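As structure tokens, the structure follows; a few thoughts come after it.
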Amino acid sequence: MSKYTPHTKEDLEVMLKAVGAVSLDELYKDAPKELMVEELKLNEGMSQMAVEKAFQKITAQNKVYDTILRGCGAYDHYIPAPVSALIGRSEFLTAYTPYQPEISQGILQSIFEYQTLMCELSGMDVSNASVYDVGTAVGESIIMCCERKNKVIVAGAVNPQTVAVAKTYCKAGNTQIVEIQPKNGIVDIEALKAAIDTDTACVIAQSPNFFGLIEDMGVLAQISHEKGAKFVYIFNPIAATVLKTPKECGADIAVAEGQPLGMPLSYGGAYLGILTCDEKMIRRMPGRVVGQTVDKNGKTAYVLTLQAREQHIRREKALSSICSNQALCALTAVIYLSLVGKEGMRQVADACVSKAHYLAQQLSAVKGIKIKYQGEFFNEFTVETDKYNKDATKALDKAGILGGLKINDTDSIWCVTEKADKATLDGVVSIFKEVK
Amino acid sequence: MLIFEKSVKGRASIQLDKLDVPHYELKAQKRNAQARLPEISEQDAVRHYTELSRKAHGVDNGFYPLGSCTMKYNPRVNEVIAADKAFANIHPLQEEETVKGCTQVMDELSDYLCAITGMDAFTLQPAAGAHGEFTGIMLIKAYHMSRNDTLRTKIIVPDSAHGTNPASAHMCDFDIVSVPSNAQGGVDIEELKKVVGPDTAGLMLTNPNTLGLFDKNILKITEIVHKAGGLCYYDGANLNAIMGVVRPGDMGFDCMHLNIHKTFSTPHGGGGPGAGPVGCKKSLASFLPTPVFGKLPQGYDPKKSIGKVKTFYGNFSVLVKGLAYIKTLGKEGIKDAAQKAVLNANYLLSLVKKDYDLAYDRICMHEFVLSLQKLKDETGVSAMDVAKAMLDYGMHPPTMYFPLIVHEALMLEPTETESRETLIKAAQVLNTIKQQAVADSASLHDSPKTTIIGRVDEVRAARQPVLKYDFSK
Numbered sequence: 000m001s002k003y004t005p006h007t008k009e010d011l012e013v014m015l016k017a018v019g020a021v022s023l024d025e026l027y028k029d030a031p032k033e034l035m036v037e038e039l040k041l042n043e044g045m046s047q048m049a050v051e052k053a054f055q056k057i058t059a060q061n062k063v064y065d066t067i068l069r070g071c072g073a074y075d076h077y078i079p080a081p082v083s084a085l086i087g088r089s090e091f092l093t094a095y096t097p098y099q100p101e102i103s104q105g106i107l108q109s110i111f112e113y114q115t116l117m118c119e120l121s122g123m124d125v126s127n128a129s130v131y132d133v134g135t136a137v138g139e140s141i142i143m144c145c146e147r148k149n150k151v152i153v154a155g156a157v158n159p160q161t162v163a164v165a166k167t168y169c170k171a172g173n174t175q176i177v178e179i180q181p182k183n184g185i186v187d188i189e190a191l192k193a194a195i196d197t198d199t200a201c202v203i204a205q206s207p208n209f210f211g212l213i214e215d216m217g218v219l220a221q222i223s224h225e226k227g228a229k230f231v232y233i234f235n236p237i238a239a240t241v242l243k244t245p246k247e248c249g250a251d252i253a254v255a256e257g258q259p260l261g262m263p264l265s266y267g268g269a270y271l272g273i274l275t276c277d278e279k280m281i282r283r284m285p286g287r288v289v290g291q292t293v294d295k296n297g298k299t300a301y302v303l304t305l306q307a308r309e310q311h312i313r314r315e316k317a318l319s320s321i322c323s324n325q326a327l328c329a330l331t332a333v334i335y336l337s338l339v340g341k342e343g344m345r346q347v348a349d350a351c352v353s354k355a356h357y358l359a360q361q362l363s364a365v366k367g368i369k370i371k372y373q374g375e376f377f378n379e380f381t382v383e384t385d386k387y388n389k390d391a392t393k394a395l396d397k398a399g400i401l402g403g404l405k406i407n408d409t410d411s412i413w414c415v416t417e418k419a420d421k422a423t424l425d426g427v428v429s430i431f432k433e434v435k
Numbered sequence: 000m001l002i003f004e005k006s007v008k009g010r011a012s013i014q015l016d017k018l019d020v021p022h023y024e025l026k027a028q029k030r031n032a033q034a035r036l037p038e039i040s041e042q043d044a045v046r047h048y049t050e051l052s053r054k055a056h057g058v059d060n061g062f063y064p065l066g067s068c069t070m071k072y073n074p075r076v077n078e079v080i081a082a083d084k085a086f087a088n089i090h091p092l093q094e095e096e097t098v099k100g101c102t103q104v105m106d107e108l109s110d111y112l113c114a115i116t117g118m119d120a121f122t123l124q125p126a127a128g129a130h131g132e133f134t135g136i137m138l139i140k141a142y143h144m145s146r147n148d149t150l151r152t153k154i155i156v157p158d159s160a161h162g163t164n165p166a167s168a169h170m171c172d173f174d175i176v177s178v179p180s181n182a183q184g185g186v187d188i189e190e191l192k193k194v195v196g197p198d199t200a201g202l203m204l205t206n207p208n209t210l211g212l213f214d215k216n217i218l219k220i221t222e223i224v225h226k227a228g229g230l231c232y233y234d235g236a237n238l239n240a241i242m243g244v245v246r247p248g249d250m251g252f253d254c255m256h257l258n259i260h261k262t263f264s265t266p267h268g269g270g271g272p273g274a275g276p277v278g279c280k281k282s283l284a285s286f287l288p289t290p291v292f293g294k295l296p297q298g299y300d301p302k303k304s305i306g307k308v309k310t311f312y313g314n315f316s317v318l319v320k321g322l323a324y325i326k327t328l329g330k331e332g333i334k335d336a337a338q339k340a341v342l343n344a345n346y347l348l349s350l351v352k353k354d355y356d357l358a359y360d361r362i363c364m365h366e367f368v369l370s371l372q373k374l375k376d377e378t379g380v381s382a383m384d385v386a387k388a389m390l391d392y393g394m395h396p397p398t399m400y401f402p403l404i405v406h407e408a409l410m411l412e413p414t415e416t417e418s419r420e421t422l423i424k425a426a427q428v429l430n431t432i433k434q435q436a437v438a439d440s441a442s443l444h445d446s447p448k449t450t451i452i453g454r455v456d457e458v459r460a461a462r463q464p465v466l467k468y469d470f471s472k
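Right, dumping it as structure tokens:
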């Protein structure tokens, strides 16, 4: 009858007899009769072939761009071919949380490698096995910091998607959240100094920030620490291979959206919440963690550890309820970083920076277009112009280019990765030269 | 060997094109030392992770009766569909008219989930079950706040509940009240009546519960909570037992989550990504995280939303697979899956109960719980020993030591996609282990014997945490 149940007529007879029931319905005799559903309001089932066809009709309504010059939390980087082949291996794909270390060493080791790599990127002491995304990473960071204090500050241009999630976590914990609006695109230091007090649990800032600008995170960490607040640094994992690390800036917690590390855009998910922190905060860190140990014969082994923090042991005393996380996305990041490697990541970062600056320079030479902020940026920048109108969008669209994200009537945020070639970028500039 | 130990200075894999624009040197402060990323050839990287995959066990490798986790077959057609470039290459902030396919997926899935659960609206944002619980309890919190009913500070949770339930409620700043189970494994009605009151914000319940039993008193339970002014939250971890047969919405639940990665066949990925959509009745719909997809109930007002619980729209790629599954099965297939899941569990139960004690000897739903206390008392062989012995037969053990109210618990959930032969084989393995426990209990303390490592020193892992590679070695 159905596609994925193997029961033959004979199976049904034998099995029902064994359990002492005359029908499948009888198995539900504990459920009140009045609850029984006559028939679900769903369509009839379909063959796998028909389902594939049905989805082709759905995907036909999506527009796939050849070049994506939009970031703002989701980035179009090149994904080496072996990534999908490896994460698609049955043993990785169809396993669950590695509760049984004897048959899960491969997954446990990959998480141990992930934790190591995330610490290498952020410079921090420890990493967990992942959380859902950067928004929930910030949400969990807030819980980590609010031990005795109950106020958090979001400083400057943090991605609004992230801020929205942070606000929900604050609402949950009855935590006060204060937003310090940016000045000239970056954190308004004076406003931060005015807002921070000894009740402040943490200051949260992002660099490169939502407008693409690189913040002076060291100064922000210092201001935070002077008032006894923790500093939460939201980093970009590609930029992290080049810029001063969160650790070097004095961060207590460093979080990131891990999507740039080999995950497709996929309309916003599944992505990867990277959460790393200072050793001192390890007992307040949420989620799974893998540790190295030995088996009974002294052989090196990996195992889920520090579980006394977690919900299945501590129940309501746990700081977080997270258990399933984004394991396969974490594996994606590990495989991506291994394939692209040390030199490759330097090249990726260099290409992102150089191409973004090339486009910014070329655009700023067009009459009527200016780069909105003076500050240094990584691979995203904010353009101010009246020319990014319907005509420009239409021309870009026709050329298969998704332009920057408009955030108001005049401003748009553009992102360039290693995937964009010079000819395409020149094409964008030509389009803007032509539009009125 | 770790990837770092295979790294050789100067070795590289992926090559980028030569830079076709002038190099730009950042003026911002750089990191002191380069990140110690692997330096390895493409082939060696591929071999390394292929080797790691061979040291893992998934549903595709063998029987995986991990109770409460619904380790059913993960249809490959769903993977093919989700990997389509016209999903995978879509930026979440593309203009609305260019993502009509994506929004159709969200609309259809929301509507289907409403039909299956009896809820009126769904959010697809939560990334996992626990995240769904957090979201659902936030809805309950927002509901009481909107009525200025600020004294409702307590969430009632049965003692058999998943640990995530109390933890999620606590994240939303509620106090937890535990309610004991009765002799039949259900909620003790008299005890429930004692704890409900004007401070009750809500009740969190799994039905069938974590013992694999359908609570006969379900309508009475939700009524008691409602009469006290509280709301009822349904933990949908066990929805696989009842989909197409009965609906949480008809049982009196006001909101719920379900697990796309359990019930709707998407792969568990070694611990995610999953998806934990949250559904609710009309009365709570306005509080859902925005944007909400699918048909919206009358009076829906997004201004009352609790806000976002995840960036963008949730684990979209997982949601696509879930939709593909529902489309494939259809109304008859959804019900068929639930019924066969229950049949398989009862069949396996019938085969093992001569060797092992049941925590509750009743018809079960999609899973059942054994208590090995007597076996342990008589032979010294624990639930852990039996579980570890199963590894030697190429089977993933059941969930161990859960629920907490059963001593020496083993929770088995075979799922509907397993054949009768597999269930018979599993019962034979459990029978063999039982015989071994009686004849030579000492040998079981040493199991597993055929795996690449033996039992691990968990105490050492926790006491002297080594959580990353030491490059100085």
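Chains as they are written, first to last, in numbering that gives the first Met the number 0: chain A, 0 to 435; chain D, 0 to 472. Every residue gets a Cβ at the ideal spot worked out from N, C-alpha and C, and that includes glycine. Please read these numbers as outputs of a predicted model, since none were measured by experiment.
{"Query": "Contact residues within the region 251–265 of chain A, judged by C-beta distance below 8 Å to chain D", "Result": "E256, P263, L264 and S265"}
{"Query": "Chain D contact for S411/A (CB, 7 Å cutoff)", "Result": "no"}
{"Query": "First and last residue of the uninterrupted alpha helix (DSSP H) at Y357/A", "Result": "A326 to S363"}
{"Query": "Minimum Cβ-Cβ distance from Q434/D to chain A less than 7 Å", "Result": "no"}
{"Query": "Chain A contacts from the region 400–411 of chain D (Cβ-Cβ distance under 7 Å)", "Result": "none"}
{"Query": "Inter-residue Cα distance where the pair is M118/D and A227/D", "Result": "22 Å"}
{"Query": "For E256/A, the three-state DSSP class (helix, strand or coil)", "Result": "strand"}
{"Query": "Assigned secondary structure, S109/D (DSSP; H/G/I helix, E/B strand, else coil)", "Result": "helix"}
{"Query": "T199/A versus E225/A - alpha carbon distance", "Result": "11 Å"}
{"Query": "C-beta neighbour in chain A for K99/D, strict 7 Å", "Result": "yes"}
{"Query": "Check whether F315/D and G267/A have beta carbons under 7 Å apart", "Result": "yes"}
{"Query": "Any non-hydrogen atom of the ligand NAP closer than 6 Å to A87/D Cβ", "Result": "What this structure holds is no ligand at all, so the ligand NAP is not there to describe."}
{"Query": "Beta-carbon spacing of E256/A, G122/A below 7 Å", "Result": "no"}
{"Query": "Interface flag, G321/D vs chain A, CB-CB below 7 Å", "Result": "no"}
{"Query": "For E407/D, the nearest candidate out of P413/D, M383/D and Y392/D (CA to CA)", "Result": "M383/D"}
{"Query": "Close beta carbons around Q372/D, own chain, < 8 Å, minus the five adjacent residues each side", "Result": "D356, H406 and E407"}
{"Query": "Chain A contact residues for R474/D, given Cβ-Cβ distances below 7 Å", "Result": "Any question about residue 474/D goes unanswered here, given that chain D covers just 0 to 472."}
{"Query": "Cβ-based burial, H130/D [other Cβ within 10 Å; buried from 16]", "Result": "buried"}
{"Query": "Residues that H356/A contacts on chain D, provided the C-beta gap is smaller than 7 Å", "Result": "Y23"}
{"Query": "Proximity to V45/D [Cα-Cα], best of M35/A, V293/A, S83/A and E43/A", "Result": "S83/A"}
{"Query": "Cβ-based neighbour list, K386/A, same chain, cut-off 7 Å, excluding 5 preceding and 5 following", "Result": "G367, I368, F431 and V434"}
{"Query": "Contact with chain D by D198/A, beta-carbon distance below 7 Å", "Result": "no"}
{"Query": "Span of the beta strand (DSSP E), counted from its first residue to its last, around E178/A", "Result": "Q175 to I179"}
{"Query": "Residues that M250/D contacts on chain A, provided the C-beta gap is smaller than 7 Å", "Result": "L34"}
{"Query": "Closer than 7 Å to chain D by CB, P181/A", "Result": "no"}
{"Query": "E366/D to T221/D span [Cα, whole Å]", "Result": "23 Å"}
{"Query": "Neighbour list for D19/D in chain A, Cβ cutoff strictly below 7 Å", "Result": "D420 and K421"}
{"Query": "Supposed contact pair M344/A and L36/D - C-beta distance, whole angstroms, cut 8 Å", "Result": "6 Å"}
{"Query": "Test item: CB-CB of E41/D and S6/D under 7 Å", "Result": "no"}
{"Query": "Residue of L374/D, E412/D, D445/D and G453/D minimising C-alpha distance to V437/D", "Result": "L374/D"}
{"Query": "Residue-level contact to chain D via CB, I334/A, 7 Å cutoff", "Result": "yes"}
{"Query": "Exposed unless 16 or more other CB atoms sit within 10 angstroms - verdict on K448/D", "Result": "exposed"}
{"Query": "Cβ neighbours of T299/A in the same chain (closer than 7 Å, five flanking residues each side left out)", "Result": "Q291 and V293"}
{"Query": "Residue range of the unbroken alpha helix (DSSP H) whose run includes Q310/A", "Result": "Q310 to R313"}
{"Query": "Residues of its chain near M117/A, where Cβ-Cβ distance is below 7 Å and the 5 sequence neighbours each way are ignored", "Result": "S126, I273 and T275"}
{"Query": "Cβ of I188/D within 7 Å of any chain A Cβ", "Result": "no"}
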